[in-house]
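Going down the list, the protein sequences come from chains Y and F.
For the first sequence, position 201 (counting from the first letter as 1) is numbered 201 according to UniProt numbering, and the numbering increases by one without interruption.
For the second sequence, position 353 (counting from the first letter as 1) is numbered 353 according to UniProt numbering, and the numbering increases by one without interruption.
Built from N, CA and C at the ideal position, the CB exists for glycine as well.
No experiment lies behind these values; they were computed from the predicted model shown.
Number of protein chains: 2
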Amino acid sequence: MSLAQEMFAVAPAKGKANLSSGQLKLLAGKARWIYRVSEAGFPTVPSIAITRAAWEALQNQRMKRDNRLRVHWVSCLFRLVGADGQAPQLVVRTSAPVHNGGLMPARTGIPAPVSEGDSVDPSRPLGRAIKEAFESYGYERGPWHGQRSSDDRARQIVLVQANIDDELAEFLTRDPASGALGPAATGRAPLPQLPDECSDLVALLDAKAGRHMNCLVTLERGGVRFLSARPIQASVGAELEAAVERANAGVWTRQNAVNRIDPGSLGQILHPRLSSAETALPIATGLGVSPGAASGVVVFSAEDAARTRARGKHCILVVNETGPADIEGMKAATGILTARGGMTSHAGVIARITGKPCVAGVRNLTVNAVELSCRIGDKDVRTGDPVTIDGTDGSVYLGMLPLSQPNIGGALGTVLGWSDASRTIAVRTNVETVESAQTALNFGAEGIGLARSEHMFFSTERMVALRRMILSEDETDRARALEGLVDFQSGDYADLFSTMQGRPVTVRLFDPPLHEFLPRTDEDIDDTAASLGLAVRALRQRLERIAEVNPMLGHRGVRLAITYPEVLQMQIQALMAGARTASEKLGRTIPVEIMVPFVSTASEVAWVRERVMAIAQSSGLLRSQQASLSFGTMIELPRACLRAGEIAHMVDFFSFGTNDLTQTTFGISRDDAPTFLASYQRKGIYERDPFVSIDQKGVGEMITMAIARGRESNPGLKIGICGEHAGDPESLAYFSRLGVDYVSCSPYRVPIARLTLAQASA
Amino acid sequence: MSLAQEMFAVAPAKGKANLSSGQLKLLAGKARWIYRVSEAGFPTVPSIAITRAAWEALQNQRMKRDNRLRVHWVSCLFRLVGADGQAPQLVVRTSAPVHNGGLMPARTGIPAPVSEGDSVDPSRPLGRAIKEAFESYGYERGPWHGQRSSDDRARQIVLVQANIDDELAEFLTRDPASGALGPAATGRAPLPQLPDECSDLVALLDAKAGRHMNCLVTLERGGVRFLSARPIQASVGAELEAAVERANAGVWTRQNAVNRIDPGSLGQILHPRLSSAETALPIATGLGVSPGAASGVVVFSAEDAARTRARGKHCILVVNETGPADIEGMKAATGILTARGGMTSHAGVIARITGKPCVAGVRNLTVNAVELSCRIGDKDVRTGDPVTIDGTDGSVYLGMLPLSQPNIGGALGTVLGWSDASRTIAVRTNVETVESAQTALNFGAEGIGLARSEHMFFSTERMVALRRMILSEDETDRARALEGLVDFQSGDYADLFSTMQGRPVTVRLFDPPLHEFLPRTDEDIDDTAASLGLAVRALRQRLERIAEVNPMLGHRGVRLAITYPEVLQMQIQALMAGARTASEKLGRTIPVEIMVPFVSTASEVAWVRERVMAIAQSSGLLRSQQASLSFGTMIELPRACLRAGEIAHMVDFFSFGTNDLTQTTFGISRDDAPTFLASYQRKGIYERDPFVSIDQKGVGEMITMAIARGRESNPGLKIGICGEHAGDPESLAYFSRLGVDYVSCSPYRVPIARLTLAQASA
């Protein structure tokens, strides 16, 4: 395309624009809407466009007294002249594909050039405005985008419009909160009186743009003329309503509607959120480890939390870090705020399980539990003071900030329903309680992909039984402790299977990170000693003996099953008993899936498989078809990925635990990462947090290798993903390309996964 | 080969044996020596052999009254009849390739069969003895060796010898302690009077067997007749002396001498060891984390250790676990015994660095530091009681057991010298002090492959400076702390470079596992607070803030360099200053190799490289050729292996840290592994401890992949191994097949590596 063609009328005063395909490609930002509205026949303010490349060439020729391009430019300017033949006053405005703050605001009231020379002279009003408009684009060049960014820069355009000195009116195409079709007020001013044609314009622009738009028109004597438009941010609820409306109106297909929703934005409406975060300033920031916002009065103990809750008041439990003794308090509290810990800390894990917002690892929070006060940043906060936390971004605010409650309205349900039509990968959920399972089913979960059996012990009574087991010194001791556990477990499994109504349930064998389940504070140790009938000193000695230097890499997962086979046996028996009860209740086969965690060798899998199969067979449930059994492994260690071929022979499925796989592949403890992660992101070492979005180049290669080796040796192998990445849209899109059969995420992320996978499959 | 051929004369009474190649292959154990001595012309007791397959076939035919094989057997028995034509009395003995306790002892005085039927009848003396001999072999079948073991079993042989009723004499071919050529006493009885021919037999057998042999002869009226021989275990010192003697005598080539020494056995003479471990019973067993044995009186504190040492007495420091405060005590003690911790615990690391024997993780040791007593197993032990520990196998004994001191005599030096002729892979050492470097040079180290810079701070004075740095709250604080460190470091590096006399020195950037460097006990915290001028409460708060859940996967290695660039800068400046001093002293170029630890992304390497190069360039040392600079990374995380191609572009060398790579590939904390490792080995889950011998199928594939990817993108890439596996013979043989350029191990293992790699290269 010649540079002469890079100056052209987007909406000429007379006739049609008749753009070439090259010119159509140049239509970015406002230029695009002006062109499309004008083409659709709606009266539009005459507008021309010029690219930076053309403008710079014009200037070069001007210096050399070469007038060839100027001829084209002048002819272009003439296309702004209307039927009256009068040279109009002009407006110059930028037209960026993405709006940003530094761009020059529209420059109005520019006199038409008085001569051809005047039309390109940067010391004259028109030339100066164009020059300054281009300059306002700035010039960003990332280290990897040199060439591309330079091309993009040459294609930047500036608009020149005929400035009709009429009344201006601004409105939105849709209500940004509800999504209802406008004209709607912008929020800065009430909606002006508008002629009926504006409704046509709104419908036209909404269909063409498929986005919420801010629209500027002139109200002439003769009627409405379209001047400019730019997209605006609407709430995800509004986007959903609009998408459903467009699909129902036939403007979009249903798949279009599914594709146009940003799955990441759904998080906003699946949890309570701050209504006015823009205006409040956080007093401290930590890690958002369990999403959603919560307001309440500060309490420092489980007892105070329970008391406050009993009085019908919301409270936020504030502690240095939580431990098993705090579970009742965490359940009573509306939100949790801790000074220490990260995403996989006790607080984070329990908060996500119980669905409570939680901010952890607030480094400038100091708790004085004795004086019932704490210091957050530079503020002193006492029991009963109101605070608000946002577990999505880790902010902590003083006072009770207004919250918006989650709204899983009709439009979300409709879009998710449509999404299931194109989705080919199943979405399961990571839950272990009936309550969470019910939430997940409501969100459309198709099964349980990860039931962490040790999480069934998060209650005071059961914790005693569990601690007795962990702290037992020999097999007799342990056998006694196990007796107390088997009944709990059978009942839990029966309830879970019944709730899931025959959908698959994958139970992960016991994998307690010991340090999370043991008493830590003096008080807790005293209580535990009493409940176990042990001397405090004896308990302390046992605790010291089993303390681990690196619990993440310690005596856990399959290692427990092999060193304490009686624990494995108890668990399989409880599972089978639970399946029996559920099968009798539902009158159908219960699909039990047993999963071995933290495997690094095929020999571990063989050892456990042999025992699991023996117990399952001897239960008689498989023969009577009351239960079906599927046996699989978590793949969450690099060595398991390498040996996947050998392991796959012995299993029905792999489920990738991407959290631990990321920890071991990178050699990073997620709990300890906050000390350097911020610095790493600031210095550009990491493009993104590998615990949020899967590291495709490293962890991704591990997974890819394991899938290939696993499927090669066992073509029927089923592949799932059950780490937290299974709720992250970018990671989900990646997993869908690896050919996985299902993903499993927390209940609140099930809708995100359904939508993302529908987009990826389309 | 027909079964008839599987009964044959090994040493016939008359004539030659004339064995077929198939029969030669059947000669295992004693049969082999009898045949070879007889073939060499030395008078030998007539002997025949029969395989289990032949014997069982004989028995089958006997049941069916089929005499075909019996004809061969009888003809075979006739070969025992001497010139006098008398049927001799017979001896039946097993002839196993590997001696074991369950084998039938020689059955003597068996009358010759009176008929052909009698010769195969298992109810008659000869047949019964043969049957019982075969039965005593037992029948072991491992899960993976079914077929092979069944073949081996069929080939087992039993010997029948003519029992000359003369005097027997037993002696050794060499002295088992000194290796001097015999005849030598067996240790059970004084050496009998022997005719001169015995010396010929000794020389003959020593040359044929190339091992220390126990030899049985008959002393007839006519002279000496060889009866039987079996190999015996000799000390490695004796093996070395014998090997040198055989090579000097031309019986072996020098390469033969090198190949015939078991490198693993060298460990016995490179550390003090128990002289009488066979007779003493350990009172407890832990993990041998630093090899060698030590005796001394028990002390419970650094002060007592220093006092005892000052009185010229050896002492063993007994503590729950060691921390930085114990370093002076550890230096004063002769050995260290701890209740907690594993191979990479503070105690283990410091003990290996200082060369002290250490037993750690003794689970049934309880220390009462207040009452100055401890309980080991079921014994109460008090200050001043004598104990002996063996850091090689983890045993703890009551009393002062006699020790043998290391003897790096002439024969070891000779064999190692020969080994260097065929070795193609360089052997470096992991040291950071001048003293250890000198030891390693004496053992033949060709450079330093791993100088752990943080280990240079293991002294009270420097520890204060280091703690100040770690505990600093901001950059100003840290900068002040660093000033105190730079002088120490420059001097240390200068000394190290000077000691190494221009050999390459690889310095690993600062990689302190924080928990090892910080105070833990109340007393230590009080002292540290005082030395840092901090309130105890403030120090405790800082300690809590930087405490890590999983320090192995925490804020360490390259992560420290990136978050605290001032630490990196200090270190490179100190290195350059040290190189300058050493270069001026030695008048030569100092080859400085800088290595970045714990890398997981190429971006980390790029970031550090840019800064290191800038400081090195600005020092002027490279221009003046006072120093040369090589830049590399540790490869010790799975992700670094995966991204090796990208990383290799930016570095001159990779050095594999196999300890951490094993920890992350398996997801096992070495410190915490003892709780399940024993169970894993007992249950056959692991064939061997992956921290002792490299896991070829998992970690090995990681290393192989990294080398391939690294060399593909940088063909000049140098590859080293610096984990503890670099001192393990089996691992070294594996590494040599991967094409590494050098290995680096602790000083005491340098001879083992030199020998193993010479064998592998041959």
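Inset, instruction - Starting from the C-beta of Ile-232 (chain Y), find all residues in its chain whose C-beta is less than 6 Å away, skip the five residues before and the five after it, and write them out in chain order. - result: Here residue 232 (chain Y) refers to the residue found at position 232 of the first sequence. Here the set comprises His-212 and Asn-214.
Inset, instruction - Excluding the 5 residues preceding and the 5 following Val-486 (chain Y) in the sequence, name in chain order all residues of the same chain whose CB lies nearer than 7 Å to its CB. - result: As a working mapping, residue 486 (chain Y) is identified with position 486 in the first sequence. Excluding positions up to five away in sequence, the list reads Met-570, Gln-573 and Ala-574.
Inset, instruction - Give the straight-line distance between the Cα atoms of Gly-335 (chain Y) and Lys-356 (chain Y), rounded to the nearest whole angstrom. - result: Here residue 335 (chain Y) refers to the residue found at position 335 when the first sequence is read from its first residue. Here residue 356 (chain Y) refers to the residue found at position 356 when the first sequence is read from its first residue. Answer to the nearest angstrom: the Cα atoms are 5 Å apart.
Legend entry - CA-to-CA distance, Gly-710 (chain F) to Trp-144 (chain Y), given in whole angstroms: Taking the first sequence and counting its residues from 1, the one referred to as residue 144 (chain Y) is at position 144. Taking the second sequence and counting its residues from 1, the one referred to as residue 710 (chain F) is at position 710. Note that Trp-144 (chain Y) has pLDDT 40, beneath the 50 cutoff, so the model's placement of it is unreliable and no number is given.
Legend entry - CB contact below 8 Å: Asn-256 (chain F) versus chain Y: The residue given as residue 256 (chain F) occupies position 256 in the second sequence. No, Asn-256 (chain F) does not count as interfacial toward chain Y.
Inset, instruction - Measuring alpha carbon to alpha carbon, tell me which of F:Ser-630, F:Ala-229, F:Gln-663 and F:Leu-69 ends up nearest Ala-53 (chain F). - result: Taking the second sequence and counting its residues from 1, the one referred to as residue 53 (chain F) is at position 53. Of F:Ser-630, F:Ala-229, F:Gln-663 and F:Leu-69, the residue nearest in Cα terms is F:Leu-69.
Inset, instruction - Answer yes or no: does any C-beta atom of chain F fall closer than 8 Å to that of Thr-285 (chain Y)? - result: Here residue 285 (chain Y) refers to the residue found at position 285 when the first sequence is read from its first residue. Thr-285 (chain Y) does not count as touching chain F.
Inset, instruction - Rounded to whole angstroms, what's the CA-CA distance from Thr-308 (chain F) to Gly-296 (chain F)? Just pull it up for me. - result: Residue mapping note: residue 308 (chain F) aligns to position 308 of the second sequence, counting from 1. Residue mapping note: residue 296 (chain F) aligns to position 296 of the second sequence, counting from 1. Between Thr-308 (chain F) and Gly-296 (chain F), the C-alpha separation is close to 10 Å.
Inset, instruction - List the residues of chain Y whose Cβ lies closer than 7 Å to the Cβ of Tyr-397 (chain F), in chain order. - result: Counted from its first residue, the second sequence places residue 397 (chain F) at position 397. Simply none; closest approach about 23 Å.
Legend entry - Chain-order list of residues whose beta-carbon lies under 6 Å from that of Pro-504 (chain F) (same chain, five-residue window excluded): Position 504 of the second sequence, counted from the first residue, corresponds to residue 504 (chain F). Excluding sequence neighbours, Pro-504 (chain F) sits near Gly-447, Pro-591 and Glu-593.
Inset, instruction - Write down every uninterrupted run of the alpha helix (DSSP H) in the stretch 252-301 of chain Y whose length is 4 residues or greater and which is fully enclosed by it, in chain order. - result: 254-260 and 267-270
Inset, instruction - Measuring only between beta-carbons, confirm whether Arg-611 (chain F) sits less than 8 Å from chain Y. - result: Along the second sequence, one-based indexing puts residue 611 (chain F) at 611. No, Arg-611 (chain F) does not count as interfacial toward chain Y.
Inset, instruction - Whole angstroms is fine: what's the gap from Arg-749 (chain F)'s alpha carbon to Ile-110 (chain F)'s? - result: Position 749 of the second sequence, counted from the first residue, corresponds to residue 749 (chain F). Position 110 of the second sequence, counted from the first residue, corresponds to residue 110 (chain F). So the alpha carbons of these two residues sit roughly 53 Å apart.
Inset, instruction - Give me whichever residues DSSP pairs with Met-456 (chain F) in a beta bridge. - result: As a position in the second sequence, residue 456 (chain F) is number 456, starting the count at 1. Answer by DSSP bridge pairing: none, since Met-456 (chain F) is not bridged.
Legend entry - Neighbourhood of Asp-652 (chain F) by C-beta distance below 7 Å, restricted to the same chain and skipping five residues each side: Looking up residue 652 (chain F) in the second sequence gives position 652. For Asp-652 (chain F), where only same-chain residues beyond five positions count, the Cβ hits under 7 Å are Ser-630, Phe-631, Gly-632 and Lys-718.
Inset, instruction - Could you check if Met-63 (chain F) is buried or exposed, using at least 16 other CB atoms within 10 Å of its CB as the buried criterion? - result: Within the second sequence, residue 63 (chain F) is the residue found at index 63, counting from 1. With fewer than 16 Cβ atoms within 10 Å of its Cβ, Met-63 (chain F) is classed as exposed.
Legend entry - Own chain, CB closer than 7 Å to Glu-197 (chain Y), minus 5 neighbours either side, in chain order: Locating residue 197 (chain Y) in the first sequence gives position 197, where the first residue counts as 1. So the qualifying residues of the chain are Gly-223 and Val-224.
Legend entry - Cut-off 7 Å between Cβ atoms - residues of its own chain near Arg-588 (chain Y), not counting five sequence neighbours on either side: Walking along the first sequence from the start, residue 588 (chain Y) turns up at place 588. Result list for Arg-588 (chain Y): Gly-502, in chain order.
Inset, instruction - Quick one: which unbroken alpha helix (DSSP H) runs of 4-plus residues sit fully inside the stretch 110-178 of chain Y? Chain order, please. - result: 125-136 and 146-154
Inset, instruction - Please state whether DSSP places Gly-335 (chain F) in a helix, a strand or coil. - result: Start at 1 with the first residue of the second sequence, and residue 335 (chain F) comes out as number 335. Strand at Gly-335 (chain F).
Inset, instruction - Using the Cα positions of Val-558 (chain Y) and Thr-601 (chain Y), report the straight-line distance between them to the nearest angstrom. - result: As a working note, residue 558 (chain Y) is residue 558 in the first sequence. As a working note, residue 601 (chain Y) is residue 601 in the first sequence. Cα-Cα distance, rounded: 10 Å.
Inset, instruction - Show which residues of chain F have a CB atom less than 8 Å away from the CB atom of His-555 (chain Y). - result: Mapped onto the first sequence, residue 555 (chain Y) falls at position 555. Going along chain F in sequence order, the residues near His-555 (chain Y) (Cβ under 8 Å) are Asp-672, Thr-675 and Phe-676.
Inset, instruction - Note down, in chain order, all residues in the stretch 678-694 of chain Y with a beta-carbon under 8 Å from any beta-carbon belonging to chain F. - result: Ser-679, Tyr-680, Lys-683, Gly-684, Ile-685 and Tyr-686
Legend entry - alpha helix (DSSP H) segment containing Gly-102 (chain F), residue limits: In the second sequence, residue 102 (chain F) corresponds to position 102, counting from 1. That residue, Gly-102 (chain F), is in no alpha helix (DSSP H); it is neither H nor E in DSSP.
Inset, instruction - Could you tell me the distance, in whole angstroms, from the CA atom of Ser-693 (chain Y) to the CA atom of Thr-658 (chain Y)? - result: Position 693 of the first sequence, counted from the start, is the residue given in the question as residue 693 (chain Y). Position 658 of the first sequence, counted from the start, is the residue given in the question as residue 658 (chain Y). Those two C-alpha atoms are separated by around 10 Å.
Legend entry - Environment of Ala-257 (chain F) [buried if 16+ CB atoms lie within 10 Å]: Mapped onto the second sequence, residue 257 (chain F) falls at position 257. The residue in question, Ala-257 (chain F), is buried, as its Cβ has 16 or more Cβ neighbours within 10 Å.
Inset, instruction - Express the C-alpha separation of Phe-443 (chain Y) and Pro-751 (chain Y) in angstroms, rounding to a whole number. - result: Here residue 751 (chain Y) is taken as the residue at index 751 of the first sequence, counted from 1. Here residue 443 (chain Y) is taken as the residue at index 443 of the first sequence, counted from 1. Approximately 6 Å, taken between the alpha carbons.
Legend entry - Beta carbon proximity, Ile-668 (chain F) to chain Y, threshold 8 Å: Along the second sequence, one-based indexing puts residue 668 (chain F) at 668. Closer than 8 Å: yes.
Inset, instruction - Hey, could you find the ends of the alpha helix (DSSP H) Cys-641 (chain F) is sitting in? - result: For this step, residue 641 (chain F) is matched to residue 641 along the second sequence. Taken as a continuous stretch (DSSP letters only), the alpha helix (DSSP H) holding Cys-641 (chain F) covers 638-642.
Inset, instruction - With distances taken Cα to Cα, identify the nearest neighbour of Gln-178 (chain F) among F:Gly-127, F:Ala-243, F:Lys-208 and F:Gly-723. - result: For the purposes of this step, residue 178 (chain F) is taken as the residue at position 178 of the second sequence. A small correction: the amino acid at residue 178 (chain F) is Ser; Gln does not occupy that position in the sequence shown. The shortest Cα separation from Ser-178 (chain F) among F:Gly-127, F:Ala-243, F:Lys-208 and F:Gly-723 belongs to F:Ala-243.
Inset, instruction - Using the Cα positions of residue 766 (chain Y) and Ser-472 (chain Y), report the straight-line distance between them to the nearest angstrom. - result: Missing from the structure shown is residue 766 (chain Y); chain Y here goes from 1 to 762 and no further.
Inset, instruction - Report the residue from F:Tyr-564, F:Thr-186 and F:Ala-31 whose alpha carbon sits nearest the alpha carbon of Leu-677 (chain Y). - result: If you number the first sequence from 1, residue 677 (chain Y) lands on position 677. Of the candidates F:Tyr-564, F:Thr-186 and F:Ala-31, the one whose C-alpha sits nearest the C-alpha of Leu-677 (chain Y) is F:Tyr-564.
Inset, instruction - Would you please state the rounded distance, in angstroms, between the beta carbons of Ser-453 (chain F) and Val-507 (chain F)? I believe it to be under 8 Å. - result: Within the second sequence, numbered from 1, the residue matching residue 453 (chain F) stands at position 453. Within the second sequence, numbered from 1, the residue matching residue 507 (chain F) stands at position 507. 6 Å between Cβ atoms; contact.
Inset, instruction - Can you give me, in chain order, the residues of the stretch 584-617 of chain Y that have a beta carbon less than 7 Å from any beta carbon in chain F? - result: Phe-598, Ser-600, Thr-601, Ser-603, Glu-604 and Trp-607
Legend entry - chain F within 8 Å of Gln-663 (chain Y), Cβ atoms only: The sequence position of residue 663 (chain Y) within the first sequence is 663, counting from 1. Yes, Gln-663 (chain Y) lies at the interface with chain F (some Cβ there is under 8 Å from its Cβ).
Inset, instruction - Would you identify the three-state DSSP class for Val-244 (chain Y), choosing helix, strand or coil? - result: Counted from its first residue, the first sequence places residue 244 (chain Y) at position 244. Residue state, collapsed to three classes: helix.
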